[in-house]
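Number of protein chains: 2
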Amino acid sequence: MTVDGRPTMNDVARLAGVSLKSVSRVVNGERHVSAPLAARVRNAVDTLGYRPDLHASTLRRTDRRSATIGLLLEDVGNPFSAALHRAVEDVAREHDVHVLIGSIDGSPRREGELARAFTMRRADGLIIVPAGPDQSYLAGEIRADTPVVFVDRPGHGIPADTVLATNALGAADATRHLIAHGHRRIACLGDHVRIATAQRRRDGFTSALRAAGIAPEVSLLLPGLHTAAAAEEAVLALFRRPDPPTALFTSQNMVTVGAVRALHRLGLHRRVALVGFDDFPLADLLDPGVSVVAQDPATMGRTAAEALFRRIEGEGGPPTEFWISTRLIARGSGELPPPARGSSRVG
Amino acid sequence: MTVDGRPTMNDVARLAGVSLKSVSRVVNGERHVSAPLAARVRNAVDTLGYRPDLHASTLRRTDRRSATIGLLLEDVGNPFSAALHRAVEDVAREHDVHVLIGSIDGSPRREGELARAFTMRRADGLIIVPAGPDQSYLAGEIRADTPVVFVDRPGHGIPADTVLATNALGAADATRHLIAHGHRRIACLGDHVRIATAQRRRDGFTSALRAAGIAPEVSLLLPGLHTAAAAEEAVLALFRRPDPPTALFTSQNMVTVGAVRALHRLGLHRRVALVGFDDFPLADLLDPGVSVVAQDPATMGRTAAEALFRRIEGEGGPPTEFWISTRLIARGSGELPPPARGSSRVG
DNA sequence: AGGCGTCCAGACAACGTTGTCATGGAGTGA
DNA sequence: TCACTCCATGACAACGTTGTCTGGACGCCT
Chain W
25 MTVDGRPTMN DVARLAGVSL KSVSRVVNGE RHVSAPLAAR VRNAVDTLGY RPDLHASTLR
85 RTDRRSATIG LLLEDVGNPF SAALHRAVED VAREHDVHVL IGSIDGSPRR EGELARAFTM
145 RRADGLIIVP AGPDQSYLAG EIRADTPVVF VDRPGHGIPA DTVLATNALG AADATRHLIA
205 HGHRRIACLG DHVRIATAQR RRDGFTSALR AAGIAPEVSL LLPGLHTAAA AEEAVLALFR
265 RPDPPTALFT SQNMVTVGAV RALHRLGLHR RVALVGFDDF PLADLLDPGV SVVAQDPATM
325 GRTAAEALFR RIEGEGGPPT EFWISTRLIA RGSGELPPPA RGSSRVG
Chain U
25 MTVDGRPTMN DVARLAGVSL KSVSRVVNGE RHVSAPLAAR VRNAVDTLGY RPDLHASTLR
85 RTDRRSATIG LLLEDVGNPF SAALHRAVED VAREHDVHVL IGSIDGSPRR EGELARAFTM
145 RRADGLIIVP AGPDQSYLAG EIRADTPVVF VDRPGHGIPA DTVLATNALG AADATRHLIA
205 HGHRRIACLG DHVRIATAQR RRDGFTSALR AAGIAPEVSL LLPGLHTAAA AEEAVLALFR
265 RPDPPTALFT SQNMVTVGAV RALHRLGLHR RVALVGFDDF PLADLLDPGV SVVAQDPATM
325 GRTAAEALFR RIEGEGGPPT EFWISTRLIA RGSGELPPPA RGSSRVG
């Protein structure tokens, strides 16, 4: 009958004229409750609009499960993160678990704050796209039996399951594809190399060049591009040079979009070949269609979440690495030939 | 010294040789603590790796705040939801609050389950993109002082702040734009009309037609399209008819993409005019650029979150409606003229 | 009838934390 | 010196729930 605040189990018990514990039994569907008592309790629950307090329950229960996990993404607004998020949510739903989310935005400090905040909320586990160089701050969580899974990038300083795309292989595929179409001067535009994925993709690029007997030119390696705008600017500058490349490999989503935009502005979109790392919506509708090495964020998210739940359910054993393969999708931009120069291909 | 589980305040107190309450005081930065005692406590906190349990704290504190809000979106994977999410997160961060998220996927049942789950986790407030026809199941939360804000679509059955785009006005703008470019046979492709936004946009469309003296033709109103694939199929069928329209108004993101894809397949993308509701990435890079009535999901999310936090902080007063205006962006597809027929426009 | 097991229900403590109150000592002013 | 205030610290209860224990009623077997 109190007006303020939420009704508690005690209120329900009082209204139903039973003990606190009996309400608990009914609410949790325990056995050994008579039908009439259960009915009285359910009635009281309905009339009061009682909602159990999951936190109080978690505090008291021996399993200590909060039925909540934490997901630390790069930026919930970008399509890769959103696809990961969606896959994790789907797996979580199968386990009746809900998800706390935050964007790291490339800041190690923010990463730590989010991990701490979710830990204080007693998340049953964490899935992290690590930004910082060191995740040893999580050692306490591991010790306290809160499992951690890294996804998209490797974590450092603690042992944990990790889900990675085959970044180097995928980048090498893209590069070989361009080489197979006759290109020898290929630029590699990528994110900051302190980001592990960017580094691995660049490694794949240069090793594919070397394998084809082409020496990578430093002036064609353009790192440090994080936004579409920066990439667009970099491509415009690239083609102001005296000896520009005939093909581009863009090692990240936003960079690909910026490069496409620049090529359109320059009117070179049908003359300069392009393969991007990571697929994006509408890539097939552009002119020409943008060839990409597609990652599979949905599989990555699902794999990470499934690994996390196995750990939560007590699976032991050493940390596992899961490699999710990439797939080259030819749509036109990657199959453009280099402009015919003095030399011919005739044997 | 216990190995299993997390260290508690009691463990810290024992190690520091002080009382439980003193640890609480230090951890919460209360005054009236001597420097040496504080130092001893902080030392013990660090060596044990102690993390406060926010749930136990919330349970005991008089303010009862969990520093967590719930966000119920249509689908965290789609760009509109992701942009909303991002804006809400940014505002939440300013308040040191974290966010529980879930996708409703158009299911009223799922909406209720998520609301219940977040309520059981004692979220301080909920932001909801409602899917179901009735939200009166939230009455108990309102009574328990948990504020609710609806965004993108109106809620029903309870009084709550609501953030809406000017759907009818925006749709009318798009329609007038097509009429101004000479079109009289315009098709309207939209989502299920039981979705409030779809209904409002269709109303805007038909009222703009009538205002221009054009009677809306039922055969050109194509509702019930929820995915890009369905929209693509519908457009292909539309142009198999004997007397197809000269322009399309697509009232939703995915529908626009499906329509663009169909027009490309038919080779009609430079001959049939198109204005879409809601902007999407790369719309400017397509051929022709896709003219749209852009919503502003970031402003919608921010407005909703700010309203929610004002309510959480105790602001009273009747529910407010916030209208976020749309903006027509001409990029080419909406400015295509109808094909010249027998009739001429010469006065 | 006696003994035993099963079913139902409640009393009580405990989870990890904070609000309230009590206590003792130091400082202040007359 | 005494009364008073202020500060530092601790003891204890309470938040809403569940695990454990106890006890009574009932049925069944010998």
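Chains as they are written, first to last, in my numbering: chain W, 25 to 371; chain U, 25 to 371.
Beta carbons: idealized from backbone N, C-alpha and C, even for Gly.
It should be emphasised that the depicted structure is a prediction, and the values quoted were computed from it without experimental measurement.
A Cβ-Cβ separation of about 6 Å places A195(W) in contact with F301(W) under the 8 Å criterion. Taking P361(U) as the centre and dropping the five residues before and after it, the same chain places the C-beta of H205 and G206 closer than 7 Å to its C-beta, in chain order. Taking 9 Å as the cut-off, the Cβ atoms of I166(W) and P154(W) do not count as close. For I152(U), not one C-beta of chain W is nearer than 9 Å to its own C-beta. By DSSP's assignment, I348(W) forms a beta bridge with A189(W).
Across the structure, G149(U) and L292(U) are spaced so that their CA atoms are roughly 48 Å apart. Judged by DSSP secondary structure, V173(U) falls outside any alpha helix (DSSP H) and instead within the beta strand (DSSP E) spanning V172 to V175.
Taking C-beta atoms as the reference points, F304(W) and S275(W) fail to come closer than 9 Å.
No Cβ-Cβ contact shorter than 9 Å links I125(U) with L162(U).
In summary, the residues of the region 256-284 of chain U whose CB is separated from some CB of chain W by less than 9 Å are V281 and V284, in the order they occur in the chain. For V299(U), there is no enclosing alpha helix (DSSP H); the enclosing beta strand (DSSP E) has its first and last residue at A297 to F301. The bridge partners DSSP lists for T274(W) are L213(W) and G300(W). Those residues of the region 112-137 of chain W placed with their C-beta closer than 7 Å to a C-beta in chain U are E113, H122, V123, L124, I125, G126 and S127, ordered along the chain.
If you check the CB distance, G282(W) and G313(W) do not come in under 9 Å.
Beta-bridge annotation (DSSP): I219(W) is not paired with any residue. Nearest CB-CB separation between N67(U) and chain W: not below the 9 Å threshold. Nearest in C-alpha terms to E241(W), of all of C212(W), R133(W), P342(W) and H56(W), is C212(W). The residue from S131(U), R134(U) and R117(U) with its alpha-carbon nearest to that of I128(W) is R117(U).
The beta-carbon of G41(W) is placed no less than 9 Å from the nearest beta-carbon of chain U.
The region 63-83 of chain U and the region 69-88 of chain W touch, with three or more beta-carbon pairs separated by less than 8 Å. The DSSP assignment places complete alpha helix (DSSP H) segments of no fewer than 4 residues inside the region 56-96 of chain U at 59-72 and 78-84, in order along the chain. When secondary structure is reduced to three states using DSSP, G136(U) falls in the helix class. Contact with chain W is found for G101(U), since one of that chain's Cβ atoms lies less than 9 Å from the residue's Cβ. Closest by C-alpha distance to L188(U), out of G358(U), L352(U) and E345(U), is E345(U). For the pair of segments examined, the region 311-328 of chain U was found to touch the region 103-112 of chain U: the number of CB pairs separated by less than 8 Å reaches three. Contact between T143(U) and T170(U) holds, with the beta-carbon distance rounding to 7 Å and staying under 8 Å. No Cβ-Cβ contact shorter than 9 Å links A297(W) with T280(W). In this structure, G156(W) keeps its C-beta atom at 9 Å or more from the C-beta atom of R140(W). Residue range S315 to A318 is occupied by the beta strand (DSSP E) that includes S315(U). Counting only runs of 3+ residues, the beta strand (DSSP E) found wholly inside the region 226-276 of chain W occupies 271-274, in chain order.
Straight-line measurement puts the Cα of E330(U) at about 12 Å from the Cα of E339(U). Rounded to the nearest whole angstrom, the C-alpha separation of V50(U) and V316(W) is 55 Å.
Comparing alpha-carbon positions, the option among A307(W), N52(W) and Q223(W) lying closest to P178(W) turns out to be Q223(W).
Below the 8 Å Cβ cutoff, chain W contributes no neighbours of P171(U), its closest Cβ being approximately 14 Å away. For the region 47-75 of chain U, the beta-carbon criterion of a distance under 9 Å to any beta-carbon of chain W is satisfied by L72, G73, Y74 and R75. Shown here, S131(U) sits in coil according to DSSP, grouped into three states, outside any helix or strand.
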